[in-house]
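Number of protein chains: 2
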Amino acid sequence: MLKMRKTTIKGVAAAAGVSVTTVSDALSGKGRLPDATREKVQAIANQLGYRPSAIARGLRGSGIGLVGICIAPAGGGGALTDVSYWAAIVTHASQAFLSDGHAAVLLPHDVGLLETLHIPLDGVIVVDPLERDPVLTFFEDRNIRCLTIGRDVSKTESIWVDDDTATGVRRLIEATISPGTKLAFLRVGPIKSYVTDAISGARSWAADGGGTLSIHQCAGLESEHVAHTVREAVHEGATAILTQNDRLALRVRDVLQAMGRDVPGDVRLLSAADAMELGQGPVGISAARPHPARLAEMAAAKLLDMIRGQPDVASTMSPMEVSIRESAPLL
Amino acid sequence: MLKMRKTTIKGVAAAAGVSVTTVSDALSGKGRLPDATREKVQAIANQLGYRPSAIARGLRGSGIGLVGICIAPAGGGGALTDVSYWAAIVTHASQAFLSDGHAAVLLPHDVGLLETLHIPLDGVIVVDPLERDPVLTFFEDRNIRCLTIGRDVSKTESIWVDDDTATGVRRLIEATISPGTKLAFLRVGPIKSYVTDAISGARSWAADGGGTLSIHQCAGLESEHVAHTVREAVHEGATAILTQNDRLALRVRDVLQAMGRDVPGDVRLLSAADAMELGQGPVGISAARPHPARLAEMAAAKLLDMIRGQPDVASTMSPMEVSIRESAPLL
DNA sequence: TTGAAAGCGCTAACAG
DNA sequence: CTGTTAGCGCTTTCAA
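Sequence order for the protein chains is A and Z.
For the first sequence, this note's numbering begins at 83 and goes up steadily by one.
For the second sequence, this note's numbering begins at 83 and goes up steadily by one.
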């Protein structure tokens, strides 16, 4: 099979015996040509298998219809539930972009790699940015419109979409933890906005006389680290544990069981981020419910607005519901 | 803040008092300019925040470094396990592309949408193509290099990477189902190559005197449909059921339990596609193990070879292991 | 060692 | 109604 040069607009023009303008107009529906000409040109273009070059078209100005999705790595070697969160965001955002004629490019959360990429992006969504995230600076530097799901707490000027984790967590605690309780918050991995928010939710509960709060950092998601931290918390008298996320909650549940502590009898267990898995197993775990799909759709819509040059795009907090389960039933 | 026009190579040239050629050479390392000139130009470019336009660069020929990933929709409103399969493929393929300077674009499995997209693709991976998949024709028509994970069984000329489901399933059956057994295969959803393969694996087992095989089509994944089909199979005397995939297997397990049939006592249960979830729950389900991550890496590597113009890219079958669990223990 | 100029494929002014 | 022409930003001969 011969590798012939792709047919260009010039080829079509020649074959049809018209000018390139006529071809361009005929195919794009601009300029009112007589239907006869238009159809003739279309027929010939079709027959020649002509496909306008997206690159050449993009060169004239407006970009090429590409939007990036850049996902920060999860806390502890993401598997399980990060995947479904992540997948929900990617599919929903991507779908929203598609229905606007844009396509989503998967971007690495790594400036080194990003620098090698040279892709003409109309905008980017960064998911769960870290504190002072260099990736955000990267996009800022090249004037690429950027919107985050979750926030870089160090940036004030940025536009974002986020779950209202502070309020969600506070409500979750109020509904399930009796006043005066010693509550331990368990963190793990890099600082993301939802963690900060969860902590401030818990803090506000404590500050308003709900109880006392202590914060514990887990070295990792491995059982031994989790066990160590849980022991520490329990030893200090905590009778309720709030974990940063679902995976940590599952580990804590296992650890408590192994320690012979009853959930919720001896210790109540909560998670700041829900996931299907929390509903399964011996003792379902109460949690605040993030809405990745909704966030993704909002983020995509807003980013598209920004791309269209809309001036008044604002950040949005999305309210959370809570899932009450056996690990911390209603008071 | 002023919205100034982006600095182009011309701007840099003017600012540096040299020609555009010099700028181009200085930045791309071509043509042996004196280091003095080069550094000076680079400094100025840097200071002006100059970023060469990927589009303009691509216009000269070679494309822009984009590769598509196009995933066919799963059987019954994909959730659960499709997600992890899908995610493994997307992340691993995308990573492989990145390390070669390419970026992955998420493409819809829908020619209508694809037509609106106009993205300059160097190649595409289509995941789990359907029979006579129009999407494949679409890419073929525009001379876009295409490679599939799973195969379109109707296409002979195409290049693919696939699990060797036929052999895997046959081994799974041989290891767990005693000769002479009536085995029922349960299908659901669109025809994909792994289904065809699973069936031919089972057929070859039956043909070689292993037992008898009947094939049943489920109308959907809803409990009532599954229950209906299972009842049908059991009524015909089947004492072993092999399902097309994990989700169907989970449903069948529930249905059998609801019918008061013991697994594996009354009926042995197998799945042609493994997933983490099959290892959980009251009775773990034996299954053949697909390797999405490995397939994705192989697919990406091969596609990149094709893009580089390598002539001898061939299809590959990847061997499967099996997971033996309680639903069908070793004979 | 450097610069001028010719495109790459397409669209949008501007003439005819 | 249709054709000519001038770019879009860059790379790449080919001269100077």
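Even glycine gets a Cβ: it sits at the ideal position worked out from N, Cα and C.
Everything numeric in this text was worked out from a predicted model, so none of it was measured.
Relative to the alpha-carbon of residue i, which residue among the options has its alpha-carbon at the smallest distance?
| i | options | result |
| --- | --- | --- |
| A:L324 | A:S296, A:A97, A:D336 | A:S296 |
| A:R407 | A:A355, A:Q362, A:S368 | A:S368 |
| Z:N327 | Z:S286, Z:D279, Z:A315 | Z:D279 |
| A:H373 | A:G143, A:T90, A:D244 | A:D244 |
| Z:V235 | Z:E213, Z:G183, Z:A375 | Z:E213 |
| A:R350 | A:S106, A:G366, A:G111 | A:G366 |
| A:D336 | A:G319, A:L360, A:H317, A:A320 | A:L360 |
| Z:L494 | Z:L332, Z:A175, Z:S106 | The structure shown does not extend to residue 494 of chain Z, since chain Z is modelled only from 83 through 413, so no value can be given for it. |
| A:L195 | Z:K384, Z:P211, Z:L203, Z:S176 | Z:S176 |
| Z:A108 | Z:R224, Z:R120, Z:A98, Z:A97 | Z:R120 |
| A:S144 | A:M380, A:Q129, A:R224, A:G391 | A:G391 |
| Z:G415 | Z:V277, Z:G292, Z:Y276, Z:V187 | Residue 415 of chain Z lies beyond the stretch modelled for chain Z, which goes from 83 to 413, so this question has no answer here. |
Tell me the DSSP bridge mates of residue i?
| i | result |
| --- | --- |
| A:T263 | A:G293 |
| A:Q299 | A:R269 |
| A:M399 | A:D244 |
| A:A369 | A:S353, A:S405 |
| Z:G150 | Z:V187, Z:V206 |
| Z:A322 | Z:L265, Z:R350 |
| A:T230 | A:V208, A:W242 |
| A:K274 | A:L212 |
Pull up the distance between the alpha-carbon of residue i and that of residue j, whole angstroms please.
| i | j | result |
| --- | --- | --- |
| A:S240 | A:E222 | 10 Å |
| Z:L84 | Z:T104 | Because Z:L84 sits at a pLDDT of 45, beneath the cut-off of 50, its placement in the model cannot be relied upon, and the following sentence gives the value as read from the coordinates. Distance between the alpha carbons of Z:L84 and Z:T104 is about 29 Å. |
| A:V334 | A:V345 | 10 Å |
| A:A125 | Z:E197 | 18 Å |
| Z:A257 | Z:A410 | 9 Å |
| A:A127 | A:A118 | 14 Å |
| A:K264 | A:G283 | 15 Å |
| Z:E231 | Z:T398 | Checking the sequence, you will find Ile at residue 231 of chain Z rather than Glu. Their Cα atoms are separated by approximately 10 Å. |
| A:L162 | A:A357 | The predicted position of A:L162 is uncertain, since its pLDDT is 45 and thus under 50; no value can be drawn from it. |
| Z:L352 | Z:A322 | 8 Å |
| Z:L141 | A:R133 | 14 Å |
| A:A136 | A:A289 | 58 Å |
| Z:W287 | Z:P190 | 37 Å |
| Z:H310 | Z:A355 | 22 Å |
| Z:G363 | A:R329 | 18 Å |
| A:M26 | A:S181 | Outside the shown range of chain A (83 to 413) lies residue 26 of chain A, about which nothing can therefore be said. |
| A:W242 | A:K274 | 13 Å |
| A:R285 | A:R233 | 19 Å |
| A:A185 | A:T294 | 48 Å |
| A:G271 | A:Y167 | 17 Å |
| Z:P393 | Z:C228 | 14 Å |
| Z:V217 | A:I389 | 29 Å |
| Z:G159 | Z:I201 | Note that Z:G159 has pLDDT 47, beneath the 50 cutoff, so the model's placement of it is unreliable and the number below is only indicative. When rounded, the distance between both Cα atoms is 28 Å. |
| Z:S260 | Z:G319 | 15 Å |
| Z:V419 | Z:F220 | Because residue 419 of chain Z is not part of the residues shown, which for chain Z are 83 to 413, the question remains open. |
| Z:R376 | A:A378 | 29 Å |
| Z:A249 | Z:G183 | Correcting the residue identity first, residue 249 of chain Z is Thr in this sequence and not Ala. If you take the alpha carbons of Z:T249 and Z:G183, they lie about 36 Å apart. |
| A:K92 | A:S106 | 10 Å |
| A:G347 | A:L338 | 11 Å |
| Z:T90 | A:T90 | 26 Å |
Rounded C-beta distance between residue i and residue j? I'm assuming under 8 Å.
| i | j | result |
| --- | --- | --- |
| A:A382 | A:A178 | 3 Å |
| Z:I207 | Z:I146 | So it is not a contact: roughly 17 Å between Cβ atoms. |
| Z:V149 | Z:V123 | Wrong, their Cβ atoms sit about 33 Å apart, outside the cutoff. |
| Z:V209 | Z:A370 | Z:V209 to Z:A370, Cβ: 18 Å. No contact. |
| Z:L254 | Z:C300 | About 20 Å; that fails the 8 Å criterion. |
| A:L203 | A:I171 | 18 Å between Cβ atoms; not a contact. |
| Z:S400 | Z:D246 | 6 Å |
Using a Cβ-based criterion (distance less than 7 Å to any ligand heavy atom), does residue i qualify as near the ligand GDP?
| i | result |
| --- | --- |
| Z:G293 | Of ligands this structure carries none, so the ligand GDP is not represented either. |
Quick one: which residues of the region 193 to 223 of chain A get their C-beta closer than 8 Å to a C-beta of chain Z? List them in chain order. L195, T198, L199, H200, I201, P202, D223
If the cut-off is 9 Å on Cβ atoms, which residues from the region 123 to 146 of chain A count as contacting chain Z, listed in chain order? G131, R133, P134, S135, A136, I137, A138, R139, G140, L141, G145, I146
Below 8 Å between beta carbons is the criterion; list the residues of the region 369 to 389 of chain Z that meet it against any residue of chain A, in chain order. none
Please list, in chain order, the residues of the region 267 to 288 of chain Z that have any C-beta partner in chain A closer than 8 Å. none
Cβ-based contacts, 9 Å cut-off: residues of the region 179 to 190 of chain Z near chain A: If the cut-off is 9 Å between Cβ atoms, the region 179 to 190 of chain Z has F179, L180, S181, G183, H184, A185, A186, V187, L188, L189, P190 near chain A.
Please list the residues of the region 93 to 122 of chain Z that have a C-beta atom closer than 8 Å to any C-beta atom in chain A, keeping them in chain order. Cβ contacts with chain A: none found.
Closer than 7 Å between beta carbons: that is the criterion. Which residues of the region 392 to 412 of chain A meet it against chain Z? Contact residues of the region 392 to 412 of chain A toward chain Z are absent (C-beta to C-beta distance below 7 Å).
Closer than 8 Å between beta carbons: that is the criterion. Which residues of the region 316 to 335 of chain A meet it against chain Z? none
Residues of the region 344 to 360 of chain Z whose Cβ lies closer than 7 Å to any Cβ of chain A, in chain order: For the region 344 to 360 of chain Z, no residue has a beta-carbon sitting nearer than 7 Å to a beta-carbon of chain A.
Along the region 240 to 252 of chain Z, what residues have a CB closer than 8 Å to any CB found in chain A? none
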